[in-house]
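These notes are about the structure you will find just below.
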Amino acid sequence: MSSEPVSMDWLKTDGLKSVVAQRFAKFCADDFKTNNVSEDSDSDLYKEAVQLILERIESSVAGDKP
14 MSSEPVSMDW LKTDGLKSVV AQRFAKFCAD DFKTNNVSED SDSDLYKEAV QLILERIESS
74 VAGDKP
């Protein structure tokens, strides 16, 4: 479990091409802010999972434009 605060810079939507990825990133940013306060949260694992999903969304919806 990581006890250090994680920077949210990795979750900015301006670099994402897919509207779906942008919406998911915004949802995750909001969720992370409200739920990262519990003792059992693992911010590094959360970050890895979100990045994996965003990569999959971006690669599967290449034609989607904001």
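Residue numbers (my numbering): 14 to 79. Quick reminder that beta carbons are idealized off the backbone N, C-alpha and C, glycines included.
Taking the continuous alpha helix (DSSP H) assigned at Ser73, which residues delimit it? Element bounds for Ser73: 56 to 73.
Hey, would you say Ala38 sits closer than 8 Å to Leu65, going by beta carbons? Going by C-beta atoms, Ala38 is not nearer than 8 Å to Leu65.
Assuming Asp44 is part of the alpha helix (DSSP H), what are its boundary residues? According to the DSSP assignment, Asp44 belongs to the alpha helix (DSSP H) that extends over 32 to 48.
Using the Cα positions of Met21 and Asp55, report the straight-line distance between them to the nearest angstrom. Their Cα atoms are separated by approximately 14 Å.
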